Ligand SMILES: NC(=O)c1ccc[n+]([C@@H]2O[C@H](COP(=O)([O-])OP(=O)(O)OC[C@H]3O[C@@H](n4cnc5c(N)ncnc54)[C@H](OP(=O)(O)O)[C@@H]3O)[C@@H](O)[C@H]2O)c1
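Numbering (the working numbering), first residue to last: 14 to 337.
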């Protein structure tokens, strides 16, 4: 029987358990997939730790790429043998084989490997909606992105550069500065050493930036607001350093008339058509050399505990995957 990672209680990486599972057959609107590569995402740690509560016991993981083994009786858009990828609930992507709703899958074109697709889907879709839908980033603008050498961070600056925009990045250690620069950041600040808000004001001649993309959360939120120009947009899309404190609207939002948004992927790709279009834009960026993806580390599925521990210890520099 195929293996899958399950969690029976919230906690540290040690709660990730490898188990054999009985996959069964797909229902009418489902497909059965053999995963060839699984995406590792920071959100997986929130599901595991209980920061984002889930019903237990549960599978874990949102993202994988693989081949279809069987399609349900009402599925028309896919066939057995198709290469697909997905990045969505229901949880359970940390598995060798599973059944998923057909509506969460996209076709993966020739030239994009399963490993690349698994490294790209969540991080690429996130980048896609953040800079083309949440904030319509324009050529000539300069914005700020936190955790610039991370999984989403590496793709974000390359994509922003491809439309003629510049990105100031922050990183947590000096060894990540070069990596962020190689991925297209125009300025890189080590926010564990320097006051990033002051640095951003220096770089922008005290104008501030029109948008901040903040996936770090607790540690960076207030400083991020300081970096914004009048009517700027604070895009808080994650909490790697912990959940946010309450916002003091009269003190922090009102003086500059700021916008504040807390977006998620699912709000921007609401059906299969939107999802496939969003994914195709990412695959094209890769195929046409606008984005280069370097998988930073590959773990065996059985070593998912190590993958989570490394991710939370800020050891991973860029996208990582699990191999089932
Ligand atoms: N809302 C959405 O739709 C959506 C979708 C995908 C991802 N996200 C969010 O985007 C962020 C990036 O995701 P990712 O999967 O690409 O992860 P990642 O950036 O590869 O890893 C998280 C990074 O956060 C930084 N960080 C700062 N303080 C930290 C702390 N106290 N503990 C751990 N890390 C800390 C670390 O970089 P430094 O060492 O450089 O500080 C770390 O490498 C996450 O917050 C994730 O939840 C949101």
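Built from N, CA and C at the ideal position, the CB exists for glycine as well. The model shown is predicted, which means the values in this text are computed figures rather than measured ones.
What whole-angstrom Cβ distance do residue i and residue j have, given they're in contact under 8 Å?
i	j	result
residue 91	residue 131	In fact, because the Cβ distance is near 18 Å, the residues do not count as touching under 8 Å.
residue 173	residue 150	6 Å
residue 310	residue 333	4 Å
residue 160	residue 253	6 Å
residue 175	residue 298	7 Å
Look up residue i in the DSSP assignment and say whether it is helix, strand or coil.
i	result
residue 315	helix
residue 182	strand
residue 293	helix
residue 212	helix
residue 235	helix
residue 111	strand
residue 57	helix
residue 174	helix
residue 91	coil
residue 41	coil
Of the choices the options, whose alpha-carbon is the least far from that of residue i?
i	options	result
residue 68	111, 332, 19	19
residue 51	77, 30, 57, 36	77
residue 274	251, 283, 291, 114	251
residue 1	24, 35, 321, 30	As displayed, the chain neither begins before 14 nor continues past 337, which places residue 1 out of reach and without an answer.
residue 216	249, 180, 319	180
residue 162	107, 175, 187	187
residue 270	243, 204, 318, 247	243
residue 295	115, 141, 112, 156	141
residue 120	331, 289, 308, 303	289
residue 113	203, 26, 37, 232	37
residue 164	255, 280, 335, 55	55
residue 232	246, 53, 205, 316	205
residue 210	195, 234, 166, 191	234
residue 227	29, 320, 240	240
Identify every residue that forms a DSSP beta bridge with residue i.
i	result
residue 123	Residue 123 pairs with nothing; no bridge assigned.
residue 273	247
Give a yes or no on whether the minimum CB-CB distance between residue i and chain C is below 8 Å.
i	result
residue 146	Among the chains of the structure shown, chain C does not appear; only one protein chain is present.
Could you check whether the Cβ of residue i sits closer than 7 Å to any heavy atom belonging to ligand 2?
i	result
residue 283	Ligand 2 is absent from the structure shown, which contains only ligand 1.
Stretch-stretch touch, CB-based, cutoff 8 Å, three pairs: the segment 99-119 with the segment 131-140: yes
Would you call the segment 66-76 in contact with the segment 144-159, where contact means no fewer than 3 C-beta pairs closer than 8 Å? Per the Cβ contact rule, the segment 66-76 is not in contact with the segment 144-159 (fewer than 3 Cβ pairs under 8 Å).
Cβ pair count under 8 Å reaching 3, the segment 256-275 against the segment 113-127: no
If you pair each beta-carbon of the segment 36-49 with each one of the segment 79-88, do three or more pairs fall below 8 Å? Judged by Cβ distances under 8 Å, the segment 36-49 makes contact with the segment 79-88, as three or more pairs qualify.
Flag this pair as touching only if the segment 20-38 and the segment 50-64 have three or more C-beta atom pairs under 8 Å; answer yes or no. yes
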